[in-house]
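Trainee: My questions will all concern the structure given below.
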Amino acid sequence: MNTALENFPLLMYILAAKTLILCLAFAGVKIYQRKKIEERMKKEREEKLRKEADKKEN
Numbered sequence: 001m002n003t004a005l006e007n008f009p010l011l012m013y014i015l016a017a018k019t020l021i022l023c024l025a026f027a028g029v030k031i032y033q034r035k036k037i038e039e040r041m042k043k044e045r046e047e048k049l050r051k052e053a054d055k056k057e058n
């Protein structure tokens, strides 16, 4: 029982580190997804503008 209490601070540091790593990983994935969506929207916008320009020329 005594050794379990001695290791408690270490276990809390490990838990905190794991939580921090998971949060950073989740945030990284969200940023990646947002950039991907923004790129796709930009391409769609450019295509739409190109099609409108083609219609005006004809």
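If you read the sequence shown in full-length UniProt numbering, its first letter stands for residue 1, the second for the next number, and so on. Each residue gets a CB set at the ideal place from its N, CA and C atoms; glycine is no exception.
1) Just the C-alpha distance for ALA4 and MET12, rounded to the nearest angstrom, thanks.
2) Which value, in whole angstroms, describes the spacing of the CA atoms of ILE37 and GLU44?
3) Roughly how many angstroms separate the alpha carbons of ARG50 and ILE31, rounded to a whole number?
Mentor: The relevant details are as follows:
1) Working through the sequence shown from its first residue, we reach residue 4 at position 4. Working through the sequence shown from its first residue, we reach residue 12 at position 12. Near 12 Å, if we compare the C-alpha coordinates of MET12 and ALA4.
2) The residue you call residue 37 lines up with position 37 of the sequence shown. The residue you call residue 44 lines up with position 44 of the sequence shown. For ILE37 and GLU44, the distance between alpha carbons rounds to 11 Å.
3) Here the question's residue 50 lines up with position 50 in the sequence shown. Here the question's residue 31 lines up with position 31 in the sequence shown. Our two residues, ARG50 and ILE31, have alpha carbons roughly 29 Å apart in a direct line.
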